[in-house]
Amino acid sequence: MEKRGTQARQRHVAQRVNFMPLKPSRPQRTIKNKTYFSKIPFTLSAELGTAKITLRDLLNMEKGTVIKLDKPADETVNVLINDLKLARGEVVVINDYFGVRITSSVETDPPSRG
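For the sequence shown, counting from 1, position 38 maps to 38 in the working numbering; every step adds exactly one.
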C-alpha cells in the first residue's frame, strides 16, 4: 500500500557522451577576382568616443548642449565597418572636412553565427 503524499523519485544519472570525430572540411577557396566584391556597400564610420547619460539628460538636450566623451582629444579613434572595429586612426582635417589617418589595424575574430 502506497503512503499518501509520497511520490516515487527517479534518479537521473549523467553520462559522458562520446561524439564521432568530424571529417576534415574542404580547404577554403580564395577569391582571385576581387572585383567580385567591389560593389558591395559598407558603412564606414569613426567613433570619437562614447558617453553614458541619463534619460533625463537626453530629454534636456537642446541646441548648444556639449556632450563630454570618454576619450581625450589627442587619442586615436576606432574605425568601424558595419559596426565592427577594423582599425585605429587619428583625426585629421582635409580641406575643411574631417578625415581619419589609419595608424593601426585591429585583429578581429570573424563574427559568430547564430
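Built from N, CA and C at the ideal position, the CB exists for glycine as well. Owing to the predicted nature of the structure, the values given are computational and were not obtained by experimental measurement.
Contact between V79 and G89 holds: their C-beta atoms lie close to 5 Å from each other, under 8 Å.
At the C-beta level, D70 and T54 stay beyond 8 Å of one another. Excluding residues up to 5 positions away in sequence, nothing lies with its Cβ nearer than 6 Å to the Cβ of K34 in the same chain. Secondary structure note for R56: it is in no beta strand (DSSP E), and the uninterrupted alpha helix (DSSP H) holding it is 55-59. Within the model, the alpha-carbon separation for D74 versus L48 is close to 10 Å. Contact between R101 and V92 is confirmed by a C-beta separation of about 5 Å, below the 8 Å threshold.
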